[in-house]
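Just so you know, the UniProt record's numbering puts the end of the sequence shown at 718, numbered straight through with nothing missing.
A short write-up of the structure that comes next.
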Amino acid sequence: MDSADELVTQGLRQQFQALQEQQQQRRRQRMALVRCEKKEQGPGPAGTSTLSEEDLGLQLVKAEICSTTDISKSLLENENELLQEQIHELRDENGRLYKLVNEKNFEIKHLKKKSEEDRLALAGTAGIAGDVAATKIVELSKRNRELTVENESLKSKIKQLGNKLQELEKLDATQTASTKESSGRTNKELSPRIQNSSLQSDILDAKALHEKLAATNLKLIESRNQILSVKQELKMAHKVLVNEVGEDVNIQHLLNNKGTWRGRAQQIQILQKKIQELESQMGLNNQKGRSSEHSVEEEMLGISGLRRLSNQDKNVAYIRTLEKERKEAFEKMTGDHERLKKDHEDLKNKFDGSKARNKVLSSELKILKSQVVTLLEKGKHDDELVGALLKQQKQMQEIMGRLSQHESKNKDTSQILSQQQNCETQKQGSVIGELKQMVTEREAKVKDLEKEIKQLLLKQHQEKNLSDDQMVVNLPKCRPSSAQLDKTNEHSTENSISADAEITGRPLSARAVSKMGHTLIECATVRPLSGNAVGRCISVDATDAKALQLQCTEYKAFYQAAEVERDKLTELVTILQKRLEDSNDKILETEQKLLEQRRWSVTLEQQLGKAKLDAGKTHDKPSSKHKAISSSSTSRQCQSLCSSGDLIPGKPLTTALDIQVEELNTRLAIQVDENEALKTALQSTLKAKEEDLKLYHDTVAQVKQVFLQVLRQHKEKT
Numbered sequence: 001m002d003s004a005d006e007l008v009t010q011g012l013r014q015q016f017q018a019l020q021e022q023q024q025q026r027r028r029q030r031m032a033l034v035r036c037e038k039k040e041q042g043p044g045p046a047g048t049s050t051l052s053e054e055d056l057g058l059q060l061v062k063a064e065i066c067s068t069t070d071i072s073k074s075l076l077e078n079e080n081e082l083l084q085e086q087i088h089e090l091r092d093e094n095g096r097l098y099k100l101v102n103e104k105n106f107e108i109k110h111l112k113k114k115s116e117e118d119r120l121a122l123a124g125t126a127g128i129a130g131d132v133a134a135t136k137i138v139e140l141s142k143r144n145r146e147l148t149v150e151n152e153s154l155k156s157k158i159k160q161l162g163n164k165l166q167e168l169e170k171l172d173a174t175q176t177a178s179t180k181e182s183s184g185r186t187n188k189e190l191s192p193r194i195q196n197s198s199l200q201s202d203i204l205d206a207k208a209l210h211e212k213l214a215a216t217n218l219k220l221i222e223s224r225n226q227i228l229s230v231k232q233e234l235k236m237a238h239k240v241l242v243n244e245v246g247e248d249v250n251i252q253h254l255l256n257n258k259g260t261w262r263g264r265a266q267q268i269q270i271l272q273k274k275i276q277e278l279e280s281q282m283g284l285n286n287q288k289g290r291s292s293e294h295s296v297e298e299e300m301l302g303i304s305g306l307r308r309l310s311n312q313d314k315n316v317a318y319i320r321t322l323e324k325e326r327k328e329a330f331e332k333m334t335g336d337h338e339r340l341k342k343d344h345e346d347l348k349n350k351f352d353g354s355k356a357r358n359k360v361l362s363s364e365l366k367i368l369k370s371q372v373v374t375l376l377e378k379g380k381h382d383d384e385l386v387g388a389l390l391k392q393q394k395q396m397q398e399i400m401g402r403l404s405q406h407e408s409k410n411k412d413t414s415q416i417l418s419q420q421q422n423c424e425t426q427k428q429g430s431v432i433g434e435l436k437q438m439v440t441e442r443e444a445k446v447k448d449l450e451k452e453i454k455q456l457l458l459k460q461h462q463e464k465n466l467s468d469d470q471m472v473v474n475l476p477k478c479r480p481s482s483a484q485l486d487k488t489n490e491h492s493t494e495n496s497i498s499a500d501a502e503i504t505g506r507p508l509s510a511r512a513v514s515k516m517g518h519t520l521i522e523c524a525t526v527r528p529l530s531g532n533a534v535g536r537c538i539s540v541d542a543t544d545a546k547a548l549q550l551q552c553t554e555y556k557a558f559y560q561a562a563e564v565e566r567d568k569l570t571e572l573v574t575i576l577q578k579r580l581e582d583s584n585d586k587i588l589e590t591e592q593k594l595l596e597q598r599r600w601s602v603t604l605e606q607q608l609g610k611a612k613l614d615a616g617k618t619h620d621k622p623s624s625k626h627k628a629i630s631s632s633s634t635s636r637q638c639q640s641l642c643s644s645g646d647l648i649p650g651k652p653l654t655t656a657l658d659i660q661v662e663e664l665n666t667r668l669a670i671q672v673d674e675n676e677a678l679k680t681a682l683q684s685t686l687k688a689k690e691e692d693l694k695l696y697h698d699t700v701a702q703v704k705q706v707f708l709q710v711l712r713q714h715k716e717k718t
């Protein structure tokens, strides 16, 4: 395509040069004619008359000259405007092409850098990764070559367009100069007729030039279309050759080796030729047979009839033959015309298809450019990601070590907490058992007191009945002895109170002590009845009733206090059960968190292992290994020196100090968290103990109030 464009531009240059030479020759001839006319003109009256006539003629012609000059000026201005527009367009195209060239150069540089980086990165890889890297490098090199070819073609196009621009600018300058010179000379020297002829000739030359330009442009377009069609035909032919010969066969080798090998198409053509030869031979044989038959008939009829044909018949036959030939030629022309129409339509369709294909390819090119830019950005981001992941890997290794330490500490703390919780649960269980025992004891005491109250009531009824019987007996007749009275009293007490051993078996003490350990009342000692005991029975019964009432009030007070204590103890039991449930829930939550942390640590260890494997794959070079070993050894030496104190830490040891500072910060944060957790635990335990103390104080206060109320009631009664 570039060679064809160069040939077209060279032809145009030659045509413009020839036209310029023709115009210069015409101008010289006109100048010579004008000079000859001036010499031939002479002075005199005739001359004056002729001058006046010429002046008249000149005045008439001047208007025509002015009109023609205006037309020529307008045409020249139009041409100048067209040329300037073309110059602007060419400049715009030149700028665009420069931009494209710069973009391609930038892409080439970037791809070169990327290819070098890929080579450096993938130089040590082996196996499948090496093959992939090699294929990528080959693809990038092909892409680089294509881009360089496109760059060179664009540079050549830019040079051609610059040359065209310079030629057009020169033409514009020469045309403007020639128009100025021609306008000045025509106004001063040339005659009107010569001016008209020169203007007309210029206009005709310009028209001819425009027509030639249009024709050359059409030829250019046709040649390009032909080249495209030829390329497509070549592709089709190549495909056909591949189908004929095969993909693995080298075509150049077949061309160089002039052997006897023949393809399918050649064999088909040879067979077709043989068929045509055989058909022609058959036709010749048939014609020979027919000619022999005609010759026999002519011999039979005689040749005299043909000789007798007149000239008119000959002319008629000649005319008919001409008509037949013309008809055949016309039919051929119509067939060719139809074929050309079909070819034209096919070419139009191909042209439209090529246009659409060009648009699609341009859009794909833009998309691919954007994709290349995005891929380059992704590559940068991937490199940054790899660096960040390596840093994260180091940090994760450090964190794993810290986590292992933290887990060991957590295990110790969890064991201590579990032991403390077990101790607390045991203590609370023992407290609950004691409280339950107290409650059962109190309930048993209450039942015993109720039984005692019932027995005392029965005793009162029996004593009342005995007192009534004794009052009936005559006092002076029967004076029983003290021994008899004792016997009767013993029998009555045995019948009334068989369960109470303290009252029946021995004399009552001054203070009767209850089963709870409280001193109930102070009662007078029961003495054996004397001779006048019957008079004192009423006083004894009254004192016994009072003592029983006091015991009842005491039992009621104890009963109320026991109920209050039982209620408060049940509340305490419920509170302790809630605390136990809360502590069990917390233990379950901590166990779940521990399991999650262990799983997370397992996943982190797996990720670390994968990252180590990836790092080992990427850094398989021995040089890199030696460098890493040397750097690690130097860092260890520096750390040992810093720890020993022989070497003052400077700029290269800042990283180790930063790592130590980070470790200390993490340890401080862990200890702060542990302290906060212990503080929260202490606060919760203190709150629980305060609540227990409040409940105990409430129970004590309520029991005191109950006893005080009972005492007040007793005082009021007494």
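C-beta: ideal position from N, C-alpha, C; glycine also.
How would you call SER49, buried or exposed, if buried means at least 16 neighbouring beta carbons within 10 angstroms? With a pLDDT of 38 at SER49, under the threshold of 50, the modelled position of that residue is not reliable, and the figure given next carries that caveat. Classification for SER49: exposed.
Three or more beta-carbon pairs under 8 Å between the region 402-422 and the region 551-570, yes or no? no
Alpha carbon to alpha carbon, how far is ALA561 from GLU450? Give it in angstroms, no decimals. 15 Å
So for GLN59, helix, strand or coil by DSSP? For GLN59, the predicted structure reports a pLDDT of 39, less than 50, and the residue's modelled location is therefore unreliable. A value from the coordinates is still provided. The answer is helix: DSSP assigns GLN59 an H, G or I state.
Just the Cα atoms here: how many angstroms apart are GLY283 and GLU331? 25 Å
What separation, rounded to the nearest whole angstrom, lies between the Cα atoms of GLN269 and LYS342? 26 Å
Distance, Cα to Cα, GLN419 vs LYS409? 15 Å
Buried or exposed: VAL373, going by 16 or more other Cβ atoms within 10 Å of its Cβ? exposed
In terms of alpha-carbon separation, which member of GLU107, ASP92 and LEU76 lies closest to LEU375? GLU107
Can you list, in chain order, the residues of its chain with a C-beta nearer than 8 Å to that of LEU101? Leave out the 5 residues immediately preceding and following it. Sequence inspection shows Val at residue 101; the Leu mentioned does not correspond to that position. Cβ neighbours of VAL101 beyond the five flanking positions: ASN151, LEU154, LYS155 and ILE158.
Buried versus exposed call for VAL706 [16 or more other C-beta atoms within 10 Å across all chains shown]: buried
C-alpha distance - LEU711 paired with ALA677, whole-angstrom precision: 51 Å
For LEU456, collect the residues of the same chain with a Cβ closer than 6 Å to its Cβ; drop the 5 residues on either side in sequence, then sort them by chain order. LEU548
Go through its chain and collect everything with a Cβ distance to LEU435's Cβ below 6 Å, but skip five positions before and after it. LEU569
Buried or exposed for LEU271, going by 16 or more other Cβ atoms inside 10 Å? exposed
What whole-angstrom Cβ distance do LEU608 and GLN397 have, given they're in contact under 8 Å? 6 Å
Starting from the C-beta of ARG566, find all residues in its chain whose C-beta is less than 6 Å away, skip the five residues before and the five after it, and write them out in chain order. VAL439
Straight-line gap, GLU674 to GLU441 (C-alpha atoms, nearest Å): 46 Å
Pull up the CB-CB distance for ARG143 and LEU111, whole angstroms please, since I reckon it's below 8 Å. 7 Å
Under a Cβ-count criterion, where at least 16 other Cβ atoms within 10 Å of its own Cβ denotes burial, should THR699 be classed as buried or exposed? buried
Thinking just about the alpha-carbon of each residue, which of GLU424, GLU691, ILE399 and GLU571 is nearest to the one in GLN597? ILE399
Reference LYS687; option with closest CA among LEU278, ILE575 and LEU708: ILE575
Using C-beta distances below 8 Å, list every residue in its chain close to ILE87, excluding the 5 sequence neighbours before and after it, in chain order. LEU165, LEU168, GLU169 and ASP172
When the distance is taken between beta carbons, is LEU161 closer than 7 Å to ASN94? yes
Please tell me whether ALA611 and GLN393 are closer than 7 Å, where the distance is taken between their beta carbons. yes
HIS337 versus ALA329: straight-line alpha-carbon distance, rounded: 12 Å
Is it true that the region 346-355 meets the region 221-235, where meeting means three or more beta-carbon pairs spaced less than 8 Å apart? yes
Less than 8 Å between the CB atoms is what I'm expecting for GLU581 and LEU695, so what's the real figure, rounded? No, GLU581 and LEU695 are not in contact; Cβ-Cβ is about 18 Å, not under 8 Å.
Rounded to whole angstroms, what is the Cα-Cα separation between ALA177 and LEU76? 12 Å
Whole angstroms is fine: what's the gap from LEU693's alpha carbon to VAL661's? 47 Å
Taking all protein chains shown into account, do 16 or more other C-beta atoms lie within 10 angstroms of the C-beta of ALA388, making it buried, or fewer, making it exposed? exposed
Taking Cβ to Cβ, would you say GLN415 is nearer than 7 Å to SER583? no
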